[in-house]
Amino acid sequence: MKQRYYQLLAGAIAALVLVLLTGSHAKAGEIVRTGALPPQAADWQGSLKLDQFDPSIGRLLRTDVVISGQLEGTARYESLDSLATDITVQMMADAKLLWPDGEPIVAAYPVASRTQPTTEYDGKLDHAGTSGATLVGVIGYDISQAATFITNDELQPFVGQGQVNFAIDVTGRSRARGAGNISARFSLAASTQVTLTYIYGNPAIDIEKSTNGADADLPPGPYIPMGDPVTWEYVVTNTGDMTL
Numbered sequence: 209m210k211q212r213y214y215q216l217l218a219g220a221i222a223a224l225v226l227v228l229l230t231g232s233h234a235k236a237g238e239i240v241r242t243g244a245l246p247p248q249a250a251d252w253q254g255s256l257k258l259d260q261f262d263p264s265i266g267r268l269l270r271t272d273v274v275i276s277g278q279l280e281g282t283a284r285y286e287s288l289d290s291l292a293t294d295i296t297v298q299m300m301a302d303a304k305l306l307w308p309d310g311e312p313i314v315a316a317y318p319v320a321s322r323t324q325p326t327t328e329y330d331g332k333l334d335h336a337g338t339s340g341a342t343l344v345g346v347i348g349y350d351i352s353q354a355a356t357f358i359t360n361d362e363l364q365p366f367v368g369q370g371q372v373n374f375a376i377d378v379t380g381r382s383r384a385r386g387a388g389n390i391s392a393r394f395s396l397a398a399s400t401q402v403t404l405t406y407i408y409g410n411p412a413i414d415i416e417k418s419t420n421g422a423d424a425d426l427p428p429g430p431y432i433p434m435g436d437p438v439t440w441e442y443v444v445t446n447t448g449d450m451t452l
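The following block contains the structure:
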């Protein structure tokens with residue numbers, strides 16, 4: 209009896225067939241969180257909080273983080289040279305997104321510039337006339353490349369029912385060039401926007417078992433006479449929306 213049992217078991221194991229069907233599946237879900245800080249005179253520092261990914265929705269697969277920066281300023285210049293020249297004014301900002309401990313995540317670098325022809329100094333230091341100008345509403349914009357987080361350790365700060373904390377650091381720079389003698393004044397403000405994109409899935413499978421071609425999902429299953437061969441077949445179907 210024992211020998212026959214082992215023969216039956218060996219035959220069953222040898223005949224085991226496992227079929228894995230991944231099939232077609234829907235694209236993983238996407239949730240976007242956005243927060244912004246209004247224009248402030250550069251330089252400035254601030255903080256921002258965005259909602260975490262709620263794990264009850266599914267499994268977080270990836271997080272993309274992007275910061276955009278926009279600067280807007282006014283440039284006043286006057287060429288004091290005795291010859292005509294072209295004056296270029298330029299304003300720049302570094303908008304950095306950081307973790308609260310100061311570790312950098314990603315940054316945007318908006319730049320704005322204007323070039324204007326001028327005559328020789330017209331005798332009035334008024335940032336106007338033929339040798340000077342006041343340029344209002346000089347705008348620059350930049351959006352960073354995405355910082356992508358995919359490992360479990362990287363994704364941990366983004367998962368929960370609370371908020372993700374960020375620090376933002378903005379510095380500005382301005383310059384004027386084109387004349388050996390030039391008077392220039394600038395005022396520069398910058399704003400930022402942070403976007404989190406959560407990519408998630410809902411893993412799920414369906415398993416259908418058959419014994420010798422008959423459904424065997426529920427007991428007692430088909431009757432198999434002693435000594436007959438046994439073939440177990442499992443059809444595993446990916447019913448979720450992500451590749452397993």
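Residues in the sequence shown are numbered from 209 upward in steps of one, following the numbering used here.
Ideal Cβ placement from N, Cα and C applies to all residues, glycine included.
- Please state whether DSSP places ASP350 in a helix, a strand or coil. Against the sequence shown, residue 350 aligns to sequence position 142. It is a strand residue.
- Going by CA-CA distance only, name the one from SER418, LEU268, GLY368, ASP377 that's closest to ASP251. Your numbering for residue 251 matches position 43 in the sequence shown. The shortest Cα separation from ASP251 among SER418, LEU268, GLY368, ASP377 belongs to ASP377.
- Closest to SER395 by CA distance: which of ARG284, LYS304, THR403, ASP334 is it? As a first step, residue 395 must be located in the sequence shown, where it is residue number 187. Cα-wise, what sits closest to SER395 is ARG284.
- Message: Between THR356 and ASP272, how many whole angstroms is the CB-CB distance? I'm expecting something under 8 Å.
- Response: Position 148 of the sequence shown, counted from the first residue, corresponds to residue 356. Position 64 of the sequence shown, counted from the first residue, corresponds to residue 272. Right, the Cβ-Cβ distance comes to about 5 Å (below 8 Å), so this counts as a contact.
- Query: Is there at least one Cβ from chain D nearer than 8 Å to TRP252's Cβ?
  - Reply: Absent from the structure is chain D; it holds one protein chain and no more.
- Query: By Cβ distance below 6 Å, which residues in the same chain neighbour THR323 in space, the five residues on each side in sequence not counted?
  - Reply: Numbered from its first residue, the sequence shown carries residue 323 at position 115. Excluding sequence neighbours, THR323 sits near ASP294, THR296.
- Message: Using a Cβ-Cβ cutoff of less than 6 Å, which residues in the same chain neighbour VAL344 once the five nearest sequence positions on both sides are dropped?
- Response: As a first step, residue 344 must be located in the sequence shown, where it is residue number 136. Hits under 6 Å: THR282.
- GLU238 classed as buried or exposed, judged by whether at least 16 other C-beta atoms fall within 10 angstroms: One-based indexing of the sequence shown puts residue 238 at position 30. The residue in question, GLU238, is exposed, as its Cβ has fewer than 16 Cβ neighbours within 10 Å.
- Where the beta strand (DSSP E) through LEU256 begins and ends: Taking the sequence shown and counting its residues from 1, the one referred to as residue 256 is at position 48. Where LEU256 is concerned, the enclosing beta strand (DSSP E) stretches over 252 to 259.
- Item | Reduced DSSP secondary structure (H/G/I, E/B, other) of GLU362 | Indexing the sequence shown from 1 puts residue 362 at position 154. Three-state result, GLU362: helix.
- Can you say whether LYS257 is buried or exposed, counting buried as having 16 or more other CB atoms within 10 angstroms of its CB? The residue given as residue 257 occupies position 49 in the sequence shown. Exposed.
- Message: Less than 6 Å between C-beta atoms, sequence neighbours within five positions excluded: which residues of the same chain meet that for GLN401?
- Response: Looking up residue 401 in the sequence shown gives position 193. Correct list, in chain order: ALA244, SER276.
- Among all the DSSP beta bridges, which residues are the ones paired with GLU238? Residue numbering aside, residue 238 sits at position 30 when the sequence shown is read from its first letter. In the DSSP output, where bridge partners are listed per residue, GLU238 has ILE407.
- Task: Kindly indicate which three-state DSSP category ALA283 falls into: helix, strand or coil?
- Result: Along the sequence shown, one-based indexing puts residue 283 at 75. In this structure, ALA283 counts as strand in the three-state DSSP scheme.
- Task: Please state whether DSSP places VAL402 in a helix, a strand or coil.
- Result: Residue mapping note: residue 402 aligns to position 194 of the sequence shown, counting from 1. Here VAL402 sits in strand by DSSP.
- Message: With a threshold of 8 Å on Cβ separation, who are the neighbours of PRO312 within its own chain once the five nearest residues in sequence on each side are excluded?
- Response: Translated into the one-based positions of the sequence shown, residue 312 becomes position 104. Within the same chain, PRO312 has close Cβ partners LYS304, LEU305, LEU306.
- ILE390 - partner residues in DSSP beta bridges: As a first step, residue 390 must be located in the sequence shown, where it is residue number 182. Looking at the DSSP assignment, ILE390 forms a beta bridge with SER287.
- Looking only at its own chain, which residues have a Cβ that is under 7 Å from the Cβ of GLN369, when we skip the five neighbours before and after it? Along the sequence shown, one-based indexing puts residue 369 at 161. Here the set comprises GLN260, ASP262.
- Item | Inter-residue spacing [alpha-carbon to alpha-carbon] between GLU441 and PRO365 | Working through the sequence shown from its first residue, we reach residue 441 at position 233. Working through the sequence shown from its first residue, we reach residue 365 at position 157. So the two alpha carbons sit approximately 42 Å from each other.
- Message: So for ASN420, helix, strand or coil by DSSP?
- Response: Start at 1 with the first residue of the sequence shown, and residue 420 comes out as number 212. The answer is coil: DSSP assigns ASN420 none of H, G, I, E or B.
- Report the three-state DSSP secondary structure of LEU229 (helix, strand or coil). Residue mapping note: residue 229 aligns to position 21 of the sequence shown, counting from 1. The pLDDT assigned to LEU229 is 38, lower than 50, so where the model puts this residue is not dependable; a value taken from the coordinates is nonetheless given after this. It is a strand residue.
- Would ALA320 pass as a contact of LEU363 if the rule is Cβ separation under 8 Å? As a position in the sequence shown, residue 320 is number 112, starting the count at 1. As a position in the sequence shown, residue 363 is number 155, starting the count at 1. No. Outside cutoff.
- Span of the beta strand (DSSP E), counted from its first residue to its last, around THR323: The residue given as residue 323 occupies position 115 in the sequence shown. Where THR323 is concerned, the enclosing beta strand (DSSP E) stretches over 319 to 326.
- Message: Whole angstroms are fine: how far does the CA of VAL443 sit from the CA of VAL227?
- Response: Against the sequence shown, residue 227 aligns to sequence position 19. Against the sequence shown, residue 443 aligns to sequence position 235. The predicted position of VAL227 is uncertain, since its pLDDT is 38 and thus under 50; no value can be drawn from it.
- Item | Endpoints, beta strand (DSSP E) assigned at LYS470 | Absent from the structure is residue 470, since the part of the chain shown begins at 209 and ends at 452.
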